[in-house]
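K.L.:
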Amino acid sequence: MRFDTIIIGGGLSGLTCGIALAERGKRCAIVSTGQSALHFCSGSFDFLGYVNGFDVETPATTLAKVIPADHPYARIGTDRAIAIARTVPEFFGRMGVKVNGSIERNHYRITPLGIMKPTWLSLDDFNVIAEKSKLPWKKVSIQNIAGFLDFHTAFVADNFECIGTLCTVSAFNTPEFERLRTNPSEMRSTNIARLFEGNDDLIRRCADVINRNAGDAEAVVLPAVFGLLDSHAVEVLKAAVRLPICFIPVLPPSVPGIRTQLTMRRRFEELGGTYLLGDSVTAAHLEDGKVLSLSTTNLGNDALAADNFVLATGSFFSHGIEAHPDKVVEPLFGADVNAATDRDDWYCHDVFGEQPYMNFGVATDGDFSATIGGKAISNLYVAGAVLSKFNPIKEASGAGVSIVTAMHVADIITKKNE
Ligand SMILES: Cc1cc2nc3c(=O)[nH]c(=O)nc-3n(C[C@H](O)[C@H](O)[C@H](O)COP(=O)(O)OP(=O)(O)OC[C@H]3O[C@@H](n4cnc5c(N)ncnc54)[C@H](O)[C@@H]3O)c2cc1C
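Under my numbering, the first residue of the sequence shown is numbered 25, with each subsequent residue one higher.
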């Protein structure tokens with residue numbers, strides 16, 4: 025099988041790159057082993073949330089002043105990175121994913137424990153909180169599904185009360201949840217979300233109880249377990265609950281994250297892309313500094329050939345890079361990796377300190393091409409969490425780097441073939 029571009033990895037970065045290329049009429053395939061970081065997503069996309077431990081208010085004006093020269097944003101060019109970021113809400117809008125927020129000013133998202141963190145874009149389900157130390161409501165009603173252990177109402181209430189919002193905590197129940205609860209390991213976010221899919225009656229019955237429990241609160245706080253396949257369940261619930269709803273992300277799997285992954289995949293396929301889910305690239309065939317084709321687990325000897333290839337295999341979490349006892353490697357191509365050589369330099373012994381290994385990843389040249397032994401592989405581009413020289417946790421930059429580098433790589437490939 026031959027394509028214009030083959031992307032290895034179908035997480036946020038691979039899908040963004042694939043969609044951006046397919047929107048320009050390119051014939052693309054994405055090969056993806058399985059779940060991605062989106063399955064664990066908070067529901068918000070970070071671009072640049074912190075610098076030296078301080079919250080960043082205005083990423084667009086701050087970026088050029090604070091980002092090191094070897095950071096992926098700096099290597100794209102900070103003006104260019106910001107210009108790409110400005111196009112992202114519309115990019116998601118075209119596939120029906122509404123996001124709120126702006127690169128001009130960060131807002132705050134609420135974590136599963138009820139703490140505020142600065143972020144760039146939030147899925148429409150979630151509230152865009154303007155101030156770190158103030159919620160827009162004086163009193164809220166926090167409501168859980170009876171027996172659901174992955175939503176920590178007491179932590180949320182404690183943290184909300186610390187910033188001046190009074191909380192009441194209650195739970196609601198229906199016979200459907202009783203059945204799910206007969207096996208406690210089944211009481212997980214995605215299984216609950218499945219009960220709501222196509223069952224508007226259940227959603228409205230829950231809304232009736234939620235409305236009764238809410239009393240004189242100004243908003244209802246609920247676990248983000250609605251809308252797995254699309255946002256229909258969220259819309260039905262919002263219409264049936266009489267107060268504004270503040271969804272809180274729960275422990276993984278992330279229902280809004282999985283919905284985003286499924287929606288992006290649908291968009292890619294609607295544009296003519298081929299998405300090979302559950303398949304893994306096992307070997308790459310190179311000649312004269314170029315990748316010719318890839319072998320995968322499922323296709324056996326039927327190699328996948330293309331003009332261009334994109335490595336979007338994620339970081340340690342997705343095995344895009346791997347730590348061996350004495351070195352960190354990129355397992356597929358043996359591409360050059362930026363990592364400390366001495367294992368003692370991989371970690372900071374203060375667990376809350378900045379961990380050097382978070383910056384490890386694949387090295388690239390100025391065109392985001394991977395290198396092997398310092399020599400560029402001219403048609404192998406790198407995007408997303410597999411890249412080196414940024415720290416998604418300390419900077420709160422994960423999704424931003426993934427999306428912006430993917431779009432940048434799509435631009436490079438498009439221009440090269442014009
Ligand atoms: C648990 C977790 C939660 C996060 N939550 C957030 C958040 O809420 N907000 C935020 O801004 N950032 C978050 N991040 C940062 C995150 O890294 C980025 O947001 C982004 O989702 C990473 O996307 P990616 O496509 O680069 O990598 P990944 O999402 O890791 O995807 C890589 C994909 O490549 C596939 N793959 C790997 N090797 C192969 C192979 N050989 N063949 C085929 N496929 C392969 C994997 O199966 C995987 O599907 C989170 C990161 C983690 C680890």
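Note that the Cβ used here is the ideal one computed from N, Cα and C, for glycine as well.
Which of the three DSSP states is assigned to LYS439 in this structure?
P.N.:
LYS439 falls in the helix class under three-state DSSP.
K.L.:
Is the segment 383-401 in contact with the segment 66-76, if contact means three or more CB pairs nearer than 8 Å?
P.N.:
No, the segment 383-401 does not touch the segment 66-76.
K.L.:
Give every residue of the same chain whose Cβ lies closer than 8 Å to the Cβ of ILE436, excluding the five residues on either side of it in the sequence, and list them in chain order.
P.N.:
Closer than 8 Å at the Cβ level, and outside the excluded window around ILE436, lie ASP391, PHE392 and TYR405.
K.L.:
Only counting runs of 3 or more residues, tell me where the beta strand (DSSP E) segments fall wholly within the segment 117-143, in order along the chain.
P.N.:
Within the segment 117-143, the complete beta strand (DSSP E) runs of at least 3 residues are 123-125, 131-134 and 140-143.
K.L.:
Which of the three DSSP states, helix, strand or coil, is assigned to LEU173?
P.N.:
DSSP places LEU173 in coil when its eight states are reduced to three.
K.L.:
For CYS186, write down the residues that DSSP places opposite it in a beta bridge.
P.N.:
Answer is none; CYS186 lacks a bridge partner.
K.L.:
Between which two residues does the beta strand (DSSP E) carrying GLU311 extend?
P.N.:
From DSSP, the beta strand (DSSP E) with GLU311 extends over 305-311.
K.L.:
Identify the residues that DSSP records as bridge partners of LYS26: which are they?
P.N.:
According to the sequence shown, residue 26 is Arg rather than Lys. Answer is ALA329, bridged to ARG26.
K.L.:
With a threshold of 7 Å (Cβ to nearest heavy atom), would GLN59 be considered close to ligand 1?
P.N.:
Checking the Cβ of GLN59 against ligand 1 gives yes.
K.L.:
Nearest to ASP224 by CA position, among PRO208, PHE250, VAL433 and ALA238, is which residue?
P.N.:
The residue with the shortest Cα to Cα distance from ASP224 is PHE250.
K.L.:
Can you name the start and end residues of the alpha helix (DSSP H) that ASN403 belongs to?
P.N.:
Run containing ASN403: none in the alpha helix (DSSP H); it sits in the beta strand (DSSP E), 399-406.
K.L.:
Given the structure, does CYS52 come close to ligand 1, in the sense that its CB is under 7 Å from one of the ligand's heavy atoms?
P.N.:
No, ligand 1 has no heavy atom inside 7 Å of this Cβ.
K.L.:
Just the Cα atoms here: how many angstroms apart are GLN379 and SER421?
P.N.:
If I take the Cα positions, the gap works out to 15 Å.
K.L.:
Measure the C-alpha to C-alpha separation of LYS158 and GLY188 and round it to an integer number of angstroms.
P.N.:
If I take the Cα positions, the gap works out to 7 Å.
K.L.:
Just to confirm, is the Cβ distance from ALA248 to VAL279 under 8 Å?
P.N.:
Taking 8 Å as the Cβ cut-off, ALA248 and VAL279 qualify as a contacting pair.
K.L.:
Tell whether a beta-carbon distance below 8 Å holds between ILE127 and ILE153.
P.N.:
Not in contact: ILE127 and ILE153 (Cβ atoms no closer than 8 Å).
K.L.:
Determine the closest residue to HIS343 out of SER304, SER319, GLU311 and TRP161, with distance taken between C-alpha atoms.
P.N.:
For the residues SER304, SER319, GLU311 and TRP161, the minimum Cα distance to HIS343 belongs to SER304.
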